[in-house]
Ligand code: FES
């Protein structure tokens, strides 16, 4: 990631699109340089300038919220993930801060061979009293999240492990801390949406 101006950050995958060597930023030339085979990429858009690389560096969309900087693979940009392997070679996928990119992640997994019946869980504010969980499958989780107006911050869990939720929903069983007050007690059940 580099600061292009006071208000603008630019971020790309660091993997060269030729043979995945790490590229280096060269401020004087305003280029990214790959030392493996002397590939060069433009800073402003990541396009290849010279050497063997033919594809641009994948762009990462940067979002700044207070002191936090979050990066997302841009929809429609060159991908930095091996979706074929992610869709078929792992049992469980965990995506952090991935609610915004959920439609992109789901469509890539389906396109690369993941079953539409693969279980998915979205967990918002995990382990806090306001924890909220939404479950579904790859075929309906995007629609469910939209209907429920499910918002960040959330972790996305994808895989059969989600089916264990019925047996392992420990969070639902923990009593909330009691508050000493004359006010009528609110039951933990009514506070939990999960
Ligand atoms: S790996 Fe980068 S130019 Fe070959």
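In our numbering, the protein residues as written are 1067 to 1260. Virtual Cβ for every residue (Gly too), placed ideally from N, Cα, C. A quick note: this is a predicted structure, and the numbers were derived from the prediction, not measured.
Where residue i falls: helix, strand or coil (DSSP)
i: residue 1204; result: coil
i: residue 1247; result: Residue placement at residue 1247 cannot be trusted, given a pLDDT of 47 that sits under 50; what the coordinates show is reported in the next sentence. Correct three-state label for residue 1247: coil.
i: residue 1228; result: helix
i: residue 1219; result: coil
i: residue 1213; result: helix
i: residue 1129; result: strand
i: residue 1088; result: strand
i: residue 1233; result: helix
i: residue 1168; result: helix
i: residue 1173; result: helix
i: residue 1158; result: coil
i: residue 1181; result: coil
i: residue 1256; result: Bear in mind that a pLDDT of 44 at residue 1256, under 50, signals an unreliable position, so the model cannot answer this.
i: residue 1123; result: coil
Rounded distance between the beta-carbons of residue j and residue i, thought under 8 Å
i: residue 1218; j: residue 1165; result: 5 Å
Contact test: residue i Cβ vs the ligand GTP heavy atom, cutoff 8 Å
i: residue 1192; result: Among the ligands modelled here, namely the ligand FES, the ligand GTP does not occur.
Just jot down, in chain order, the residues whose CB lies closer than 6 Å to any heavy atom of the ligand FES.
Answer in sequence order: 1082, 1084, 1085, 1087, 1100, 1102, 1103, 1105, 1117, 1118, 1119.
Is there contact between the stretch 1176-1187 and the stretch 1121-1132, where contact requires at least three CB pairs shorter than 8 Å?
no
How about the stretch 1148-1161 and the stretch 1197-1211: do they share at least three Cβ pairs that are nearer than 8 Å?
no
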